[in-house]
Amino acid sequence: MTEQNPVYLRWRAGRPQPEEERFDNLDAALDAVEARWETLQHQVPQILDHRRILMLSTAELLTMAEDEAPAAND
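Residue numbering for the sequence shown is 1 to 74, as defined by full-length UniProt numbering.
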């Protein structure tokens with residue numbers, strides 16, 4: 001996957017219009033998802049590319065979070 005800048009984190013915070021935050025790159029967006037996972041996991045987070053096309057779905061982010069969970073408990 002070729003990384004194009006910027007990327008966007010989009011989530012539903014209980015409003016009809018989704019919230020969106022811009023990041024300079026995919027790593028920064030993933031770091032934000034990881035830091036806020038307790039809240040975001042219930043708000044349908046998605047990561048979009050610079051054209052606002054889906055890069056990582058909620059299901060993919062959930063899988064990534066589950067994969068990281070055992071490492072955090074070591």
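Glycine residues also receive a C-beta, built at the ideal position from the N, C-alpha and C atoms.
Predicted model only: the values in this text are computed from it and were never measured.
By the Cβ-count criterion, LEU61 is buried, with 16 or more other Cβ atoms from all chains shown falling within 10 Å of its own Cβ.
In the three-state reduction of the DSSP assignment, VAL44 falls in the coil class, being assigned neither a helical nor a strand state.
Between ALA29 and TYR8, the alpha-carbon positions lie close to 7 Å from each other. Counting along the chain, ALA28 sits inside the alpha helix (DSSP H) bounded by residues 26-35.
In the DSSP assignment, ARG10 falls within the unbroken beta strand (DSSP E) covering 7-11. DSSP links ARG52 through a beta bridge to no other residue. Following the DSSP letters along the chain, one finds ARG15 in no beta strand (DSSP E), marked with neither H nor E.
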